[in-house]
Structure formats: structure tokens, C-alpha cells
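Engineer: Can you read through this structure? Questions will come right after.
Protein chains: 2
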Amino acid sequence: MEHLDAQEREQQWKKIQEALFNKQIGEFRAEFLELHPYDQAKIFEEQSEDVRMLIYSYLSPEEMADVMENIDYEDVEEFFTEMDPRYASNVLAEMSTDDSVDILNELDKDKVASFLTIMDKEAAQEIKELLHYEEKTAGSLMTNEYVVIHAGQTVKEAMRHLRQEAPEAETIYYTYVVDDQKRLVGVISLRDLIIAEGDWLVSDVMSDRVVSVSVGQDQEEVAHMMRDYDFLALPVVDFQNHLLGIITVDDVMDVMEEEANDDYSKLAGVSETERSDQSALAAASKRLPWLIILLFLGMFTASLIGRFEKALDVVPILAIFIPLIAGMAGNTGTQSLAVAVRGIATGEIEKLGKTKIIIREGLTGLITGLSCGIVVTGVVYVWQGNLFLGMLVGLSIMMTLIIATIAGSMIPLVMHRFKIDPAVASGPFITTINDIISILVYFGLATMFMDLLLKQ
Amino acid sequence: MEHLDAQEREQQWKKIQEALFNKQIGEFRAEFLELHPYDQAKIFEEQSEDVRMLIYSYLSPEEMADVMENIDYEDVEEFFTEMDPRYASNVLAEMSTDDSVDILNELDKDKVASFLTIMDKEAAQEIKELLHYEEKTAGSLMTNEYVVIHAGQTVKEAMRHLRQEAPEAETIYYTYVVDDQKRLVGVISLRDLIIAEGDWLVSDVMSDRVVSVSVGQDQEEVAHMMRDYDFLALPVVDFQNHLLGIITVDDVMDVMEEEANDDYSKLAGVSETERSDQSALAAASKRLPWLIILLFLGMFTASLIGRFEKALDVVPILAIFIPLIAGMAGNTGTQSLAVAVRGIATGEIEKLGKTKIIIREGLTGLITGLSCGIVVTGVVYVWQGNLFLGMLVGLSIMMTLIIATIAGSMIPLVMHRFKIDPAVASGPFITTINDIISILVYFGLATMFMDLLLKQ
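Protein sequence lines, in the order shown, are assigned to chains A and B. Taking my numbering, I'd label the letters of the first sequence as residues 40 to 495. Taking my numbering, I'd label the letters of the second sequence as residues 40 to 495.
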């Protein structure tokens, strides 16, 4: 189990490729199985279908299960379609239940049903238990391969039980204690267990204040709990406190990455997380819907300016400040949007209260607006020699910044209130809204003070 | 150790507050110490200085150490300044070494020196070992409180040693095996250790292909390794493979959150990660530098348009499409920027090669540009009844989208090449550059085809 950098992987990969080319099953197995499953998966993914078929015949379902636990979910459908169905269902049975469920969720229903029919009954039962939980909830993250002990057992009995179950269990570093109704009553870490004397009772060593999550809880909340409390595993219970499964820290790390990527992509207006290795056509088809929507919003902005054509005819110089004002509105809006979205995601805003945040953003907008407004007034006055023009642009920037800053934080807060993911109010969306606001402010003021502008 | 939601915390908090108000030390300790240290820290942070002084006198340095391990680093300076220096240095000595080092890095040098002088010698030595590692490297994340065993020991001896060290060690779930020169030669999980027979040798049970990170490695790479390989701990070595420390998964989760927040904030042009609970003045002072830079870039854009004043005088309608074209350029640029920055962060781009990515982005720009260009030409023609104007706007959008998409991915790639954090090429920055490009394209084309525009 060695971590390989790109060069080492290339060398190891050459050896493995040679073995595959010469159909030397022994060589291949010796080299391939020495790698960490993550690297096995990376090498497997690079192969053509012919070579993959060869690999299926060289590896047992159990060995293939390790590979498949580390594969990108985007590709699994292809692999599980080309495998012999019996082999495929054996691979699924050998995988960690939570991982095979994730894979089955990517396949179409007919295939899932046929795999589960061929599969070993016990494994199929375990998978079915997890299959119906909603995506992005605690239930969809948990596994049902965990060890439970009873409060009345001695430490020695518990350790014996743990040793037996260790090969199958997802983790043995936390063991959960249940009563006769399978209700969660305690937790004990392996650390405490190995320090304890063998004849002590589990009930004397365990902690009876167990932190648990309920099965429908959002996966982001689960991730935050694990990060804050530094747990390696969390038990999942139903509303009557029956133990249903456990979530381990490795799954939570994937969730954290996924959620962060999600927020990031939405801020940039890439609706689904794009991967760098996909084709231009795939990338374009993901970005185009957003761009087309923004295009029409932009047309609306253009038609707004069209309504002020008269002002533009009379004072054409007004046009040159449009991108400046619209751009500043977009920039501040995105800033306060980002702070609000992260604040909601980390739970900070919940604690502080929304009104406080909006007042805070309003004040921030006032300070930044005043500062930028004064700078702009000065620069435009010096540059164009027209004080009223300078004041018009400066005042527009100031008002725009205040409104844009408040809008940037208020829109995600309102969306959160109505249980819409606030990250959807992405950067480009806020930017376009703020474009519209800024145009209205700028030309509204220009029309009001037209006489003053023309005097100079 | 119970997770508390806002309401439960309020109740518990009232009891604790009452106990503090009535100076009932027994009551306070009973309620407070029952909480998870994370919740203790949250409650502690909400207190006034007077109450905090009271809490210091009620808790032992060891108990206070648990609280301080869970505190926001932004606030620690205040706390460690108001504490009695001897108490403070005892708290630091009792904390996990990696956490006390993180705190000492927030304090000024004089204070650090005086704390280390008062402190218990052994603890001071451990802290000094870690204090000089550079921020954001593996060295700065690691702790030196870990258990090592020797290859020649029996499993039984190793277990005995582990039991002794368990209370002090950061984790006992992975134990690292070293030779006489303290060089890392193997790793064994507690899981494997408890399954093994007592009289077996460690060398027979351990894995001798240990994944390790070198002490200067970037923390983001460490986080990715831990996520990919599903480790709970990683050993840190120098270039001669001497074991220096270990990094545990809980520290890596904090890094992942920190890096994700960092990238997100930069995309939005908030240079430092802002917290929702800071004052408007603090928020404004963090955002203003960015806004002022962008303001001057925006002025430059305005002066560019000023150069085309003639075209605007002749065809004032040109002005109304400025925000549309500039906006679309900004949007596509941010999209391809986000994909490139994430691709660099996850290492995907390294694997694929930069030329491939840029060609891919060029093609993507061509597809999105063509699509949007055709739509715009049609809409403008129908709306304004001027085919050449429609074609001018459409062609501008097409060219702008192609250039902006390429720029959005090329700029972060070039920055990465020169070892500058590509996330610094934030959204607003790319947007403003693309504003400038789009203005040049639009008015450049308009000037070239002025005759055609006027014909209709």
C-alpha cells in the first residue's frame, strides 16, 4: 500500500500493462494487488473495454470489489453493464454496503432488480435496507455493517465479539451499545475498551450520552457535526432512537468536498460540477442553459437602457460609465452573496439572526458606497471637467453599492427561509439583477438632473 | 457528550449562567464538564471578560485545555493575554501539541517566549520541535504525540505499550513501526493488532509499504491523500524517512473546510475569509481594497469606451448593448475560471495536460459563442429591425465568448505555472479583464462596419 506519484505510477503501470499484453495472469496479479485500491481504480479506469474484460477474468469478485469502491460514480454504469451479471452481482455483494448502494443508485431499475435477484440473499437484504433512503441525507451515507454490543456484556466478551466482526465491519474504533429493542443506549471507543479491565461490565465503561444523527438529517449538517466534534463515526437512529446504521469519517470527507465544489460551481454559474476531463460538447451543454438565461436577462437590461435613449442622445457621454457602474454593483453583490451563503452553510448566520446580518450588510454597503462614490466623483471631475457628471456617477455608485450589498445578502437569506438552497442564487444571477438595479439608478438620476448636466 | 441544538444549548446555558452568577462552583462544574468540549468552547466564547476570569478560577488547566482546543483561533490572543501567565502556560502544556502550536503562532513572540520559559520542560520541548514549521505544510499540521513500536516486539508487548500510551496519544488506531534510527519501516492498525495472536511478531503483522508525506508538503495535497486513501492518520517524515510526527483526520477536515472557503471567497473577491459575526466596519475594510482596484479598472474600461465616442455619437443605440456583451463575457469567463481552479486544486488538470484543457475550453467557447451569437442576432433583428446591428451584436458576443472562455482557463493555468495560487485570479478580476476585451471587440467591429450600420 504505497502512495504513487505520477512518475511511479507510470512505471508500475508499464509493468502491469506488459503483463496484461502478454496475458501473464500471475505477473499482473502480483503487481496490481500490491497497490492501494485507490491506485488500482485509477489504473483500471484508464483501460479500454477489451483490457477491462481481461481484468475481470483475472480478479475475484472480492478483489474487484476493492477496485469498485474507489471508482468515480460517473463511470460505474458502463462497467457494471459490460461485466457478466453473476460476476457483477458478486462484486456488489462483496463491497461495503454503503458503496454498493451508491453504485446501484446510478444504474437503471431493471438492472438493479436483476442484480439483487442473482445475489446472495443476505447481502441483497442488507443492500435493500439502505436502498430507499433519500439522496443527501444521513440515511444515504450510512452503512449497516457495524458492530453492536450489549450493556450487560463484560469487556472481555465485547472484545471477543469485536475480533470476530472486525473483518466485515466498516469501523471497529467505535462500538455502539444497544438494549433489547435495538435502541441506542451508549458508545464505547476501542481506545477505552483496550484500557479497561477484562471483567468490567460494558455499562460501566461506556458513555451513555451518545451523539447521534437522525436518518433524515441533511448530509451537510452531518459533516459539520463530525468536523466540530472530531468524531470518527456517528450512529444514525430513527425517531424512536433505534440504531439503523453508522456513518464513518471517510464518507463525510467526500461529502465535504462535494458540498464545497457544489457551492463553488454555483457561485460561478456552472450548474453541475464539471470535470476537467470531459469533452467540449459536454462542457458547453452544461454551461449553455445558464448562458442563455443570462442572455435574456441581459437583453432585458439592454431594453431598459433603450428606454433612456433620449438621455443618451442628449448626453452621449453617459454611455461610457455604464459598465463601470454595472460592474461595481455586480462585484459588491457577489461579495456579500458569498459571505451570506458561507454563513448559512456553516450555521453562523442561524446563531446571529437575519436582521442583524442585513443591517450589517447595509452599513457595509454605506461605507464602501461612500468611499467609492467620493473617489469616483473626484476622478470623473478631474478627467471630464464636469462636476455634475462626476457627482451623478459618484452618487449612482454609492446608491448602487448600498442596494447591491443588501440584495446580495438578502436574496440568499430569503431563499434559505423558503428552504431553497441559497447557493442557487449564483454569482451571475446576482450580478445580472444588480446590473438592472444599477441601470435604473444611474439613468433615473441622470433624467432627474438632466438640466444640471447640460448647464456645464 | 451530547450534541446540543440551539434550544437545548440555551437551557443548559441558563443553568450554567445561573451557577456562574451565584458563584456556585460545584453546580457550574457539574453542568459545564458534562458537555462536549466543542460546546464548552462555544459557551465560553460568549462570555464577558469578568465571567471568563471566574471560569479560569473554576477549571483546572487540564480542563481549560479541552476548551481551548475547540476555540476559534481569531480569539485566542485575548484569552491568553488575560489569563494568569502560569495558568496559561499550564493550559498550553496540557493541550495537544499541534493545537498549542497553532495558538502560539497567533501570539506575539515575547509572549510565546515567556510562556515557554514558565512551562514544564518536557512539554516546552515538544512544542518547540513543532513551532518552526512553515504554515500550510504537513509540518504545521502534525503532532508529535503518537505511539511508535519496534518490528521485533511481539503483538502482546506492542498492545501493552499501546495501553500505556493511549491517554496521551493523538490516535492509537494506527501505530507506526520504526527501526533503531527512528526511520519509518511499517504501519499496523489497531484492528489488525487485536485480531493477531499475542506471540506473533510485529514485523509479521505490519504492512511494510507505508504511505507517508514529507514534512514540507502542501496541506492541500495531504488532505487529498487522506480523502483518496481513506486513512485516519498519516505519518510525516523528513527526506531520510525519519518519522517526525503524525497527522490525524480531524485536522485534515479543518484544512479541507479552510481551503474550500478560501477558494470560494477568492472567486467572490473577498480577499480574506470574512466571518458573519464581524462588524460592518471590519467587513467594509476587507472588501474595500478589492473594490477600489476594480473601480480603477472600471475607469479604464470607461476611458476605452470614451475613445469610441464618435461611434456612439453617430449610432447612440450601440450603448444599450454594452452591459449585455460585457456581462456575457464576465459570466463565461467566471465559468471556465471555476472549472480550471477546481481542476488544479483536485489535481485533475495535472494529469490531463494544460494544452488539452485550453483547446477544450476554446472549443467550448466556440460552441457557446456560436449558439448565443445566433440567438442574439435573431432577437436584435426582430426587436430593432436592423439586421446589421443584430449581426454586429451577435458577432461580438461570439468572439467575446470564445476569448473570454479561453482567458478564464488560461490565466489560472499560467499563474499555477509560476507558482501563484490560481484562486487569486478571482471572479471580479477575470470579469473586469473580460469587460475590457468585450468593449474592444464590440466597438472595434462597430467602427469597422460603421457604413453598413448607417445604411439601414
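Even for Gly, the Cβ is constructed at its ideal location relative to N, Cα and C.
Going by Cα to Cα distance, which pick from Leu131/A, Leu146/A, Gln192/A is closest to Ala163/A?
Structural biologist: The residue with the shortest Cα to Cα distance from Ala163/A is Leu131/A.
Engineer: As a quick exercise: from Trp239/A, Ala322/A, Thr416/A, Asp290/A, pick the residue whose alpha carbon is nearest that of Ser179/A.
Structural biologist: Considering only alpha carbons, the answer is Asp290/A.
Engineer: Given this structure, state the Cα-to-Cα distance separating Gly255/B from Val276/B, to the nearest angstrom.
Structural biologist: Between Gly255/B and Val276/B, the C-alpha separation is close to 9 Å.
Engineer: Which two residues bound the contiguous alpha helix (DSSP H) that contains Ile459/B?
Structural biologist: Note, Ile459/B: premise wrong, no alpha helix (DSSP H); not H, not E.
Engineer: Give me the chain B residues within the contact set of Leu131/A, using Cβ-Cβ distance strictly less than 9 Å, ordered along the chain.
Structural biologist: None at all; the shortest Cβ gap to chain B is about 19 Å.
Engineer: What in chain A is Cβ-close to Leu333/B, meaning under 8 Å?
Structural biologist: Chain A residues near Leu333/B: Gly366, Met367, Asn370.
Engineer: Straight-line CA distance for Glu298/A to Gly466/A?
Structural biologist: Between Glu298/A and Gly466/A, the C-alpha separation is close to 17 Å.
Engineer: Indicate whether at least one CB of chain A lies closer than 9 Å to the CB of Ile476/B.
Structural biologist: By this cut-off, Ile476/B is not an interface position.
Engineer: Taking its Cβ as the centre, do 16 or more other Cβ atoms sit within 10 Å of Met92/A, making it buried, or is it exposed?
Structural biologist: Met92/A should be labelled exposed.
Engineer: Determine, using beta-carbon pairs with one atom in the stretch 323-333 of chain B and one in the stretch 321-335 of chain A, whether at least three such pairs fall under 8 Å.
Structural biologist: They do not touch, by the three-pair rule.
Engineer: Checking 9 Å against the spacing of the C-beta atoms, do Glu184/A and Glu207/A come in under that value?
Structural biologist: Cβ atoms of Glu184/A and Glu207/A: closer than 9 Å.
Engineer: Pick out whichever of Asp238/B, Met122/B, Asp89/B has its Cα sitting closest to the Cα of Ser99/B.
Structural biologist: Closest by alpha carbon: Met122/B.
Engineer: Could you please give the first and the last residue of the uninterrupted beta strand (DSSP E) stretch that includes Gly284/A?
Structural biologist: Per DSSP, Gly284/A belongs to the beta strand (DSSP E) from 282-287.
Engineer: Considering only the beta carbon of each residue, do Ser410/B and Tyr481/B sit closer than 9 Å?
Structural biologist: Their beta carbons are not under 9 Å apart, which means Ser410/B does not touch Tyr481/B by this criterion.
Engineer: With DSSP run on the structure shown, which of helix, strand or coil describes Ile413/A?
Structural biologist: Helix.
Engineer: Does chain B have any CB closer than 9 Å to the CB of Glu41/A?
Structural biologist: Residue confidence for Glu41/A is low, a pLDDT of 42 falling below 50, so the modelled location carries little weight and cannot support an answer.
Engineer: Is Asp490/A a contact residue of the ligand FAD, with contact defined as CB to any heavy atom under 8 Å?
Structural biologist: Among the components of this structure there are no ligands whatsoever, and the ligand FAD is therefore not found.
Engineer: Residues in its own chain within less than 6 Å of Glu259/B by CB, not counting five upstream and five downstream?
Structural biologist: Result list for Glu259/B: Glu298, in chain order.
Engineer: In terms of DSSP beta bridges, what is Leu273/A paired with?
Structural biologist: DSSP output for Leu273/A lists Ile286/A as bridge partner(s).
Engineer: As an exercise, report each continuous alpha helix (DSSP H) stretch of at least 4 residues that is fully enclosed by the stretch 327-355 of chain A, in chain order.
Structural biologist: Listed in chain order, the complete alpha helix (DSSP H) runs (minimum 4 residues) inside the stretch 327-355 of chain A are 348-353.
Engineer: Around the C-beta of Arg381/B, are 16 or more other C-beta atoms found within 10 angstroms, so that it is buried, or is it exposed?
Structural biologist: Looking at its Cβ environment, which holds 16 or more other Cβ atoms inside 10 Å, Arg381/B is buried.
Engineer: Just checking my contact of Asp218/A with Val224/A at CB under 8 Å: how many whole Å lie between their CB atoms?
Structural biologist: Indeed they touch by this definition, with Cβ atoms about 5 Å apart.
Engineer: Could you pull the DSSP bridge partners for Leu240/A from this structure?
Structural biologist: DSSP, once it has assigned bridges, lists Thr193/A as partnering Leu240/A.
Engineer: Where does Leu223/A sit, in a helix, a strand or coil, going by DSSP?
Structural biologist: Of the three classes helix, strand and coil, the one that applies to Leu223/A here is strand, per DSSP.
Engineer: Considering only their Cβ atoms, is the gap separating Phe118/A from Met107/A smaller than 9 Å?
Structural biologist: Yes, they are a contact pair.
Engineer: Considering only C-alpha positions, which residue in the set Tyr268/B, Val378/B, Thr182/B, Val115/B is nearest to Ile4/B?
Structural biologist: An answer regarding residue 4/B cannot be provided, because it is not within the stretch 40 to 495 covered by chain B.
Engineer: Is the shortest distance between the beta-carbon of Ser318/B and the beta-carbons of chain C less than 9 Å?
Structural biologist: Looking for chain C here will not work: the only protein chains present are A and B.
Engineer: Quick check on Leu493/A: buried or exposed, where buried means 16 or more other Cβ atoms within 10 Å of its Cβ?
Structural biologist: Classification of Leu493/A: exposed, given that the 10 Å Cβ count is below 16.
Engineer: Looking only at DSSP bridge pairs, what is Tyr555/B linked to?
Structural biologist: Residue 555/B falls outside the range modelled here, since chain B spans only 40 to 495, and no answer is possible.
Engineer: Express the C-alpha separation of Ala358/A and Met489/A in angstroms, rounding to a whole number.
Structural biologist: When rounded, the distance between both Cα atoms is 14 Å.
Engineer: Is there a C-beta anywhere in chain B that falls below 9 Å from the one on Thr471/A?
Structural biologist: Cβ-Cβ to chain B under 9 Å: yes for Thr471/A.
Engineer: Leu499/B touches chain A at which residues, Cβ-Cβ below 7 Å?
Structural biologist: Absent from the structure is residue 499/B, since the part of chain B shown begins at 40 and ends at 495.
Engineer: Quick one: which chain A residues come within Cβ less than 8 Å of Thr407/B?
Structural biologist: The answer, in chain order, is Ala323, Arg326, Leu327, Leu330.
Engineer: Which residue from Glu204/B, Asp137/B, Asn109/B puts its Cα closest to that of Val233/A?
Structural biologist: The sequence shown places Ile at residue 233/A, not Val. The candidate whose alpha carbon is nearest that of Ile233/A is Glu204/B.
Engineer: Identify the continuous alpha helix (DSSP H) that holds Thr136/B and give its terminal residues.
Structural biologist: Start and end: 136-143.
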